[in-house]
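Written out below as structure tokens is the structure these notes cover.
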Amino acid sequence: MTHEIVVNGRFLSRRVTGVERHGREILRYIGDRSRLEMTRQNGLLGHVWEQVILPGRLSRESVLWSPANTGPLWVRQQALTVHDLSALENPNWFQKSFAAWYSLLIPILVRRARVLFAPSEYVRQKLIRRFGRQDVVVTPNGVDLSIFQPGASQEQSKLPPCYILFLGTLEPRKNLTGLLQVWKEIEQEFRDVWLVIAGTQSTVHRTEHLPARVERVIYLGYVEESVLPGLYANALFFVMPSLDEGFGLPALEAMACGTPVLVSNGGALPEVVRDAGLVFDLSDSTALSRSMRQCLQDQELRQALKEKGLARARDFSWQHTAELIWNTLHEI
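Numbering (the working numbering), first residue to last: -3 to 328.
Next comes the structure, spelled out in structure tokens:
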């Protein structure tokens, strides 16, 4: 029997973050070989479309790929990509209604889907331990080296010449509060350096109350994808102090741009960067401040991290992951 591969395109209606980037990039490689079903609806109407309308557009020969954590509960011929389990493990990071819905939806979906995809071995092991699923395929994120590369031009004209970059949704999981507290401690030692924060609040996460009166901090808000390469490439280093990550795509993109990377040991970050990034221990209350000072003071360290990061970034390919997903879908 010949399968028809159908992509659950609900994610295309949302603002692009790491989850949406994954779906868009894979679709770029398999889109001409699959059928895309999508909606412009978000929120409750988006859920209704996914649970009620989408199943009616599938045939007996259809195999559905849902690339963004959610999918229709009653479709068994389905492969589901689970990017992380934060809503189940840390519901306090999210709005109550969101956490309640996902705590109901995800366990059922994970048990019913024919195949599970995970962006990292870290998430794969979580799915095995929590749900007993052994058939989890690791499908890592990738990076387009023709776009994310050293020397990418800076399109943000108002940025200072010397800055540390943070990029991510302003949510509790990203530990931006901790980063700002550390920056407040050390910023007087580095008067020519600024901290640039790119990202905005999310409607599904609990509001993050950030420390006030921290000097030399610039908030860019949401940054369009076209601006990202130059933003990374011109940073002194990139910092990702997250409490947990299912992958950590910005760290990979920063490495591809030749930017030294400082990350926490939260979730899959050590798995992604390996020895190409400086990794600090979240359980050590002074580790982030020490690591930031080290990156700021040691030019040789930054150069070494740059070279290792460029080499590490070459290990990740959207095309390779797309073919892995495509081949697995045809095995269902």
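Positions of the beta carbon are idealized from the N, C-alpha and C atoms, including for glycine.
On a predicted model such as this, the values are computed, not experimentally measured, just so you know.
#1: DSSP three-state label for methionine 236, please.
#2: Helix, strand or coil: which one does DSSP assign to isoleucine 26?
#3: Below 8 Å, how does it come out for the segment 249 to 256 and the segment 222 to 232: are there three or more Cβ pairs, yes or no?
#4: Within 6 Å: the Cβ of tryptophan 179 and any heavy atom of the ligand GTP?
#5: In terms of alpha-carbon separation, which member of Thr317, Gly19, Leu239 lies closest to glutamate 33?
#6: In the DSSP output, what is asparagine 4 paired with across the bridge?
#7: Start and end of the beta strand (DSSP E) containing threonine 173?
#8: Cα separation between leucine 172 and glutamate 85?
#9: Among the candidates Leu8, Asn65, Gln152, Cys253, whose CA atom is the shortest distance from the CA of tyrosine 215?
#10: DSSP on glutamine 150, reduced to helix/strand/coil?
#11: Is it buried or exposed for leucine 205, if we count other Cβ within 10 angstroms and need 16 for buried?
#12: Kindly indicate which residue of Arg24, Val200, Gln73, Asp28 has the alpha-carbon position closest to the one of asparagine 38.
#13: Bridge partners for threonine 77 per DSSP, in chain order?
#14: Straight-line CA distance for glutamate 327 to isoleucine 104?
#15: Identify the continuous alpha helix (DSSP H) that holds alanine 208 and give its terminal residues.
#16: Just list the residues that DSSP pairs tyrosine 98 with in beta bridges.
#17: Measure the C-alpha to C-alpha separation of glycine 27 and lysine 304 and round it to an integer number of angstroms.
Answer, in terms of the structure:
#1: Translated into the one-based positions of the sequence shown, residue 236 becomes position 240. In the three-state reduction of the DSSP assignment, methionine 236 falls in the strand class.
#2: As a working note, residue 26 is residue 30 in the sequence shown. Looking at isoleucine 26 - three-state DSSP - the assignment turns out to be helix.
#3: Judged by Cβ distances under 8 Å, the segment 249 to 256 makes contact with the segment 222 to 232, as three or more pairs qualify.
#4: In terms of ligand content, the structure shown is empty, and the ligand GTP therefore cannot be addressed.
#5: For the purposes of this step, residue 33 is taken as residue 37 along the sequence shown, with counting starting at 1. It is Gly19 whose Cα lies nearest to the Cα of glutamate 33.
#6: As a first step, residue 4 is located in the sequence shown; it is residue number 8 there, counting from the start. Looking at the DSSP assignment, asparagine 4 forms a beta bridge with Glu33.
#7: By one-based count along the sequence shown, residue 173 stands at place 177. Where threonine 173 is concerned, there is no enclosing beta strand (DSSP E), although the alpha helix (DSSP H) it sits in stretches over 172 to 182.
#8: Taking the first residue of the sequence shown as 1, we reach residue 172 at position 176. Taking the first residue of the sequence shown as 1, we reach residue 85 at position 89. In a straight line, the C-alpha of leucine 172 is about 19 Å away from that of glutamate 85.
#9: Within the sequence shown, the letter at position 219 stands for residue 215. Looking at Leu8, Asn65, Gln152, Cys253, the one whose alpha-carbon comes closest to that of tyrosine 215 is Gln152.
#10: Here residue 150 corresponds to residue number 154 of the sequence shown, with the count starting at 1. Coil at glutamine 150, not helix or strand.
#11: To locate residue 205, count along the sequence shown from 1; it is residue 209. Residue 205 is actually histidine in this sequence, not leucine. Exposed.
#12: As a working mapping, residue 38 is identified with position 42 in the sequence shown. Of the listed residues, the one whose Cα sits closest to asparagine 38 is Val200.
#13: Translated into the one-based positions of the sequence shown, residue 77 becomes position 81. In DSSP, threonine 77 forms a bridge with Phe113.
#14: Walking along the sequence shown from the start, residue 327 turns up at place 331. Walking along the sequence shown from the start, residue 104 turns up at place 108. Cα to Cα, the separation comes out at about 22 Å.
#15: In the sequence shown, counting from the first residue as 1, residue 208 sits at position 212. Boundaries for alanine 208: no alpha helix (DSSP H) harbours it, and the DSSP string shows neither H nor E there.
#16: Here the question's residue 98 lines up with position 102 in the sequence shown. When beta bridges are read from the DSSP output, tyrosine 98 appears opposite no residue.
#17: Residue mapping note: residue 27 aligns to position 31 of the sequence shown, counting from 1. Residue mapping note: residue 304 aligns to position 308 of the sequence shown, counting from 1. Cα to Cα, glycine 27 sits roughly 33 Å from lysine 304.
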